[in-house]
Amino acid sequence: MVFSIRKFDNGYSRREFLKLGAGFAGAGVLMPTWAAMEKHGEVTAAYPEELLSIETYTKGKLKPGDYIDVNNVEWVKDLLEPVKYHQIKTMGRRLRLRESTRDVMKLSPWEYLEASFRNRGKASFDDKGNVVTPEGKPWIGGLPFPNATKGVEFFAGLTMSWGRHDASFYPIREYDLNLEGKVTYSYELGWAEYAPVGRVVMPDVYWQGHEDKLRYQSVFFTQPNSVRGTSFLNTWYYDQNKFPDLYGYIPDFKRIRRYPTDQRFEPLVPGSSLYLSDAWGAGDPLHTWGNYKIIWRGPLLGGVSGAWENTDANWQHGSHGGGENQTFWDTDVELVPEAIAVEAEPLGFPRAPVGKKRVWFDARTQLPLGMVTYDRRGDLFRSFDGAYGLYEKGDEKIMDGKHTYWSWSHAQAFDVQTGKMTRIEQLASIGGGHKMLVNDQAIYDRYLTNTALRRLGN
Amino acid sequence: MKIKALTKTGLCAGALIAGAPAWSASGEVLGVDYTFSGMIRLEAAVKTAEDENPFNQRGNLFNGKEVERSGGLPLLGLPLPSLTADTVTRNGDPADNDFNLTQLRLENTLQLRFSDSWSATAKLRGIFDMAQYDEFDPGFTGSEADGYLYGEPNYFEYDEFYKGGAQNPLEVSGDNYMVDFPSLYVDYQNGPLLVRMGNQQVAWGQALFFRVMDVANGLDLRRHLILDFASEEYADERISSPGIRVSYQFGSGWEMDTFVQAFQPSIYANPNTPYNVIPAQFTVHDRYSNYDEELNSGIRIKGFVGDFGVQFMYTNRYNPDGTFRWTKSNVNRGIPLIPGSGAILAETPLERDPTGVWSSEEWFTYAGMARLDGVEGLNKLITDFPSAQLLGATPVQNFQQANQELDFFFQVAGPLRGHIERTYHREDIFATGFSYVFSGEPGSWTDQLIMNFEVSYTPDKTFTPIDLGQEYIVEDEVVSALVLEKYQRFSANFPATYLVFQWMHRTESDLFGRHLSGMRGTVNNAPKGIDGGWDGLVLAAQQPFPGLVWRADLSLLYDTRGGLFVQPALKWKPSGDWNIEFYYNYLEGELAGGDKNSNVIESIDFADEFGLRVAFQY
Numbered sequence: 000m001v002f003s004i005r006k007f008d009n010g011y012s013r014r015e016f017l018k019l020g021a022g023f024a025g026a027g028v029l030m031p032t033w034a035a036m037e038k039h040g041e042v043t044a045a046y047p048e049e050l051l052s053i054e055t056y057t058k059g060k061l062k063p064g065d066y067i068d069v070n071n072v073e074w075v076k077d078l079l080e081p082v083k084y085h086q087i088k089t090m091g092r093r094l095r096l097r098e099s100t101r102d103v104m105k106l107s108p109w110e111y112l113e114a115s116f117r118n119r120g121k122a123s124f125d126d127k128g129n130v131v132t133p134e135g136k137p138w139i140g141g142l143p144f145p146n147a148t149k150g151v152e153f154f155a156g157l158t159m160s161w162g163r164h165d166a167s168f169y170p171i172r173e174y175d176l177n178l179e180g181k182v183t184y185s186y187e188l189g190w191a192e193y194a195p196v197g198r199v200v201m202p203d204v205y206w207q208g209h210e211d212k213l214r215y216q217s218v219f220f221t222q223p224n225s226v227r228g229t230s231f232l233n234t235w236y237y238d239q240n241k242f243p244d245l246y247g248y249i250p251d252f253k254r255i256r257r258y259p260t261d262q263r264f265e266p267l268v269p270g271s272s273l274y275l276s277d278a279w280g281a282g283d284p285l286h287t288w289g290n291y292k293i294i295w296r297g298p299l300l301g302g303v304s305g306a307w308e309n310t311d312a313n314w315q316h317g318s319h320g321g322g323e324n325q326t327f328w329d330t331d332v333e334l335v336p337e338a339i340a341v342e343a344e345p346l347g348f349p350r351a352p353v354g355k356k357r358v359w360f361d362a363r364t365q366l367p368l369g370m371v372t373y374d375r376r377g378d379l380f381r382s383f384d385g386a387y388g389l390y391e392k393g394d395e396k397i398m399d400g401k402h403t404y405w406s407w408s409h410a411q412a413f414d415v416q417t418g419k420m421t422r423i424e425q426l427a428s429i430g431g432g433h434k435m436l437v438n439d440q441a442i443y444d445r446y447l448t449n450t451a452l453r454r455l456g457n
Numbered sequence: 000m001k002i003k004a005l006t007k008t009g010l011c012a013g014a015l016i017a018g019a020p021a022w023s024a025s026g027e028v029l030g031v032d033y034t035f036s037g038m039i040r041l042e043a044a045v046k047t048a049e050d051e052n053p054f055n056q057r058g059n060l061f062n063g064k065e066v067e068r069s070g071g072l073p074l075l076g077l078p079l080p081s082l083t084a085d086t087v088t089r090n091g092d093p094a095d096n097d098f099n100l101t102q103l104r105l106e107n108t109l110q111l112r113f114s115d116s117w118s119a120t121a122k123l124r125g126i127f128d129m130a131q132y133d134e135f136d137p138g139f140t141g142s143e144a145d146g147y148l149y150g151e152p153n154y155f156e157y158d159e160f161y162k163g164g165a166q167n168p169l170e171v172s173g174d175n176y177m178v179d180f181p182s183l184y185v186d187y188q189n190g191p192l193l194v195r196m197g198n199q200q201v202a203w204g205q206a207l208f209f210r211v212m213d214v215a216n217g218l219d220l221r222r223h224l225i226l227d228f229a230s231e232e233y234a235d236e237r238i239s240s241p242g243i244r245v246s247y248q249f250g251s252g253w254e255m256d257t258f259v260q261a262f263q264p265s266i267y268a269n270p271n272t273p274y275n276v277i278p279a280q281f282t283v284h285d286r287y288s289n290y291d292e293e294l295n296s297g298i299r300i301k302g303f304v305g306d307f308g309v310q311f312m313y314t315n316r317y318n319p320d321g322t323f324r325w326t327k328s329n330v331n332r333g334i335p336l337i338p339g340s341g342a343i344l345a346e347t348p349l350e351r352d353p354t355g356v357w358s359s360e361e362w363f364t365y366a367g368m369a370r371l372d373g374v375e376g377l378n379k380l381i382t383d384f385p386s387a388q389l390l391g392a393t394p395v396q397n398f399q400q401a402n403q404e405l406d407f408f409f410q411v412a413g414p415l416r417g418h419i420e421r422t423y424h425r426e427d428i429f430a431t432g433f434s435y436v437f438s439g440e441p442g443s444w445t446d447q448l449i450m451n452f453e454v455s456y457t458p459d460k461t462f463t464p465i466d467l468g469q470e471y472i473v474e475d476e477v478v479s480a481l482v483l484e485k486y487q488r489f490s491a492n493f494p495a496t497y498l499v500f501q502w503m504h505r506t507e508s509d510l511f512g513r514h515l516s517g518m519r520g521t522v523n524n525a526p527k528g529i530d531g532g533w534d535g536l537v538l539a540a541q542q543p544f545p546g547l548v549w550r551a552d553l554s555l556l557y558d559t560r561g562g563l564f565v566q567p568a569l570k571w572k573p574s575g576d577w578n579i580e581f582y583y584n585y586l587e588g589e590l591a592g593g594d595k596n597s598n599v600i601e602s603i604d605f606a607d608e609f610g611l612r613v614a615f616q617y
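Quick note, the sequences are listed as chains E and C, same order. The letter at position 201 of the first sequence is residue 200 when you use numbering that gives the first Met the number 0, and the numbering goes up by one with no holes. The letter at position 295 of the second sequence is residue 294 when you use numbering that gives the first Met the number 0, and the numbering goes up by one with no holes.
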């Protein structure tokens, strides 16, 4: 049953969102979002019906199950980031609509959200700008600023926990397409993340002896032959003013070497449009960027649910659009009642090709819905959008402890200026027997030590 | 003709570039995950210099050159006027090569994962040399030189003196092909413990190309010496060896890494092959069979002290370079009109053959090039092998006497080959290193600048005696390297440039391990040696283009005594399946100011070439 507040017409939410000019007081139109979620377990109390139903929002023109394509995109232009609109309008991209998800616990890992509720109000920035508890210790898990009112607070949460799990291993395939829409490069890789602090599932909030670290993260390639065995290990300091330590195993050198880590605006492999800086929309330490500011709020279409593909044994997704009908992932989107766009500038990268980035956050969960970057001239440069969801469909589900696994399923990075696209998807496994893992201590030993890199190399 | 043939092959390969990318074979069989991938690559290097390899018979500097000889014998230590004087012309057939390299390479890797703890890797490498070279024909010169490798060229076999074959137990080779397993090992991982068992390479240290801590394995120089794509360092050269390696990472981040491996020596290019660097007038008897059950071992501990990365290493090994000295030829081939001379020569390091040395001028020229002492080399040949004195040879006291005596014997006996043996010596290497990352202003030259310093100490290290006598040179050696590297972005439109600067200092030997006392010998003088150690500088830059489809490299090795090796290169990856690489090797061993035979580049400066590699991956 939908709780509908008819007295708030279509213009009400618009008027409310336009109040941003007077300063952002927190997410929620009718009441603070997190207070509503805490009280009701749903967001419906925080938003009028027009923001919870695409059918209501479009006055019946579109409903769940419909596709947004070149023929009807104008109806929802206001609900799309500029690059997504451009792709639908000119490149054959289409999006399938689904019902908006109202149960907030389906929008991120259960334990992460639980910790966000539990720890609400405990976080602050210390004099170095790092998030600490009231005791001055590293953060204890979940969103540090669920009621964020400043841009840096949104980015702090995103930077501190990318995948929202204590430990994740993602088997990934990457497809790089040229302007004509043809796949010219493809890679298979593994991506591992491990949190030594702020843990919400694994034993102990802090991993003793590693409290000065925020994250261990590695990426390694299993295909094609030219990059097989190449791997990089990033050790992130908790101090978000410092660059991570970067170690790499290059098969030619037969050893692990330390590498400089401040160049984060290049693809790791030929043909790719993905940069280290792109990871989760917050791939760099928090304070290597700056001038964070909230510049927009409003409803948006986002792929926050149902992205898992269970019709393929290895979770491969379908694609469409572009010159060869394979440029874009098949994507379901739903009306996100409130998104908040935050801009930031790369202060620590004076010659970066990026002049600023803009990330749209889901106000309910602070998940990044999309990102665009602008070059130094202020022109649109690149875009990044992904799709998430619980890994369950019908009776089939993938478990993460007591709850259904939640994660990203696919993402795409698009170079607006060259027309090149990189698509990545999370698979069940990649060659070499590397399977998806979550909140498993083995992830550290298997993928996040120098010893592990040597084993992954050849 | 040969160029056309290679060009045609290259074009055919290029025509296939339009193919669609495909995933490597992978899957699961009987519960074992497998992946299978590989590549096939055409590798060619076109000569761009007139010079032929002077260390080969057909590149010998004296082929077709008329040389004056003035034979004489010293008497009571006094020089005598020439007894005889004549001229002679070496009968070698000068080559005119178009190519230095014409090889086809196949590499396949099979990786198996039995469980989370157990996995295995097998990498197979196959090389076929199309041998589009002006090859040495022993029949042309009438050579009957002893030894499997001293007839027609053999590009890969090198083991037994009369049979060829391969030293590596996991290699099969023939005249122009080799197949081996650079990797064939099983991994066992249990938490922070990794045990790797089987044929494997071990490399330590941050310095690239300059081997301070990278001392576990020798180098296989048969395929392209050290002149292949510089940014790959010794990927194709480092010799795998059967062994066990155990690594353990402690919770604190410190890592211990240790190995025990079968000893396998470095492999030099065979005589009369394009990149041979041992004068082909020598016959080498490799005594590896006396050492093929020996083991090397080492341990390294690595971690952090504050912001400094530190590492300590100890390795006990047989030096894979080996040492050379005179040895009996055992070739009974007498001097005409001197009965019994064959038996006498067999007891000396000498062998009569037209592929040997024809004159003292050739003797001293090549002694200098090989960093040997031509005067004392003659004396040791006589004193260490007394049979030589039965032919009237007596020790000399100076360069002039050596000249006369050598010419005399070449006049009497004809061209003579010199037999040397290669032996190996155990040594202890102690090393340490530290690293530090500078954090300057964003975008500045000191931002994320990584500095590494590594130094090793080898007490009582054994070197080739420059007189090839039976007593080796034994001295302590210190080798150090300073490495600076960073990414620097010069513009917003181009990816960052990767820059590496390295400086190496060696106290006793040059980059190739030759003792410094053998430097600066020429046709006119015995070596004068050099003081102050050997210094080399490396500057390398990699500039990817947007999208990384193209990458331009520049690698530079400068020997401070007047040698320069520059390799500009272009790497192109037009699609996921294809890699194409172009490079040019510019070698200059005689920069202004340098003395003759005093730097390492002089030994390879015949190899100016344009290289091309076209690879298809699957």
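Virtual Cβ for every residue (Gly too), placed ideally from N, Cα, C.
Does the region 54 to 74 of chain E touch the region 141 to 155 of chain E, meaning 3 or more C-beta pairs lie closer than 8 Å? no
Using Cβ-Cβ distances below 9 Å, what residues of the region 410 to 429 of chain E are close to chain C? Asp414, Thr417, Lys419, Ser428, Ile429
At a cut of 8 Å, does the region 314 to 327 of chain C reach the region 442 to 449 of chain C through at least three beta carbon pairs? no
In chain order, what residues of the same chain have a beta carbon less than 6 Å from the beta carbon of E/Glu110, not counting five sequence neighbours either side? Val199, Val200
Could you check whether the Cβ of E/Phe252 sits closer than 7 Å to any Cβ belonging to chain C? yes
Proximal residues, the region 436 to 453 of chain C versus chain E, C-beta separation under 7 Å: Pro441, Gly442, Asp446, Gln447, Ile449
Decide if C/Asn55 is buried, meaning its Cβ has at least 16 other Cβ atoms within 10 Å, or exposed. buried
Using a beta-carbon distance below 7 Å, is C/Tyr582 in contact with chain E? no
For E/Gly135 and E/Trp161, what's the separation of their Cα atoms in angstroms? 22 Å
Roughly how many angstroms separate the alpha carbons of C/Pro573 and E/Ala386, rounded to a whole number? 30 Å
Out of C/Asp50, C/Ser69, C/Gln110, which has the shortest C-alpha to C-alpha gap to C/Val28? C/Gln110
Could you name the residues of the region 221 to 247 of chain E whose beta carbon sits closer than 7 Å to any beta carbon of chain C, in the order they occur along the chain? Thr221, Gln222, Pro223, Asn224, Ser225, Arg227, Phe242
Give the residues of chain C in contact with E/Gly270, contact being defined as C-beta atoms less than 9 Å apart. Gly546, Leu547, Val548, Lys572, Ser574, Gly575
Quick check on E/Thr183 - is its C-beta less than 7 Å from some C-beta in chain C? yes
Buried or exposed: which applies to C/Tyr161, given that a residue is buried once 16 or more other Cβ atoms fall within 10 Å of its Cβ? exposed
Whole angstroms is fine: what's the gap from E/Asp439's alpha carbon to E/Gly400's? 10 Å
With H, G and I counted as helix, E and B as strand and the rest as coil, what does DSSP make of C/Gln396? coil
Starting from C/Trp362 and walking both ways along the alpha helix (DSSP H), at which residues does that stretch end? 359 to 368
Can we count E/Gly322 as close to the ligand COA, meaning its CB is less than 6 Å from some heavy atom? Summarising the ligand content, the structure contains no ligands, and the ligand COA is consequently not present.
I need the DSSP call for E/Met104, collapsed to helix, strand or coil. helix
Mind checking if C/Asn578 is an interface residue toward chain E, Cβ cutoff 7 Å exclusive? yes
So if DSSP puts C/Gly610 in a beta bridge, which residue, or which two residues, is it bridged to? C/Ala44, C/Tyr582
Just the C-alpha distance for C/Phe437 and C/Met450, rounded to the nearest angstrom, thanks. 8 Å
For C/His504, the first and last residue of its enclosing beta strand (DSSP E): 496 to 505
DSSP state of E/His85 mapped onto helix, strand, coil: helix
Mind pulling the chain E residues with CB within less than 8 Å of C/Ser455? By Cβ distance, chain E contributes nothing, its closest Cβ being about 16 Å from C/Ser455, past 8 Å.
Which word fits E/Asp125, buried or exposed, when buried means at least 16 other C-beta atoms lie within 10 angstroms of its C-beta? exposed
By the criterion of Cβ-Cβ separation under 9 Å, what are the contact partners of E/Phe348 in chain B? Looking at the structure shown, chain B is missing, and the protein chains on hand are E and C.
For C/Val304, does the count of other Cβ atoms within 10 angstroms reach 16, so buried, or fall short, so exposed? exposed
Using the three-state DSSP reduction, which class does C/Thr382 fall into: helix, strand or coil? helix
According to the neighbour-count rule (16 or more other Cβ atoms, all chains shown, within 10 Å of its Cβ), is E/Pro266 buried or exposed? buried
Listed by chain order, chain C residues near E/Glu352 by CB distance under 8 Å: Per the sequence shown, the amino acid found at residue 352 of chain E is Pro instead of Glu. Near E/Pro352 (Cβ distances below 8 Å), the residues of chain C are Ala491, Asn492.
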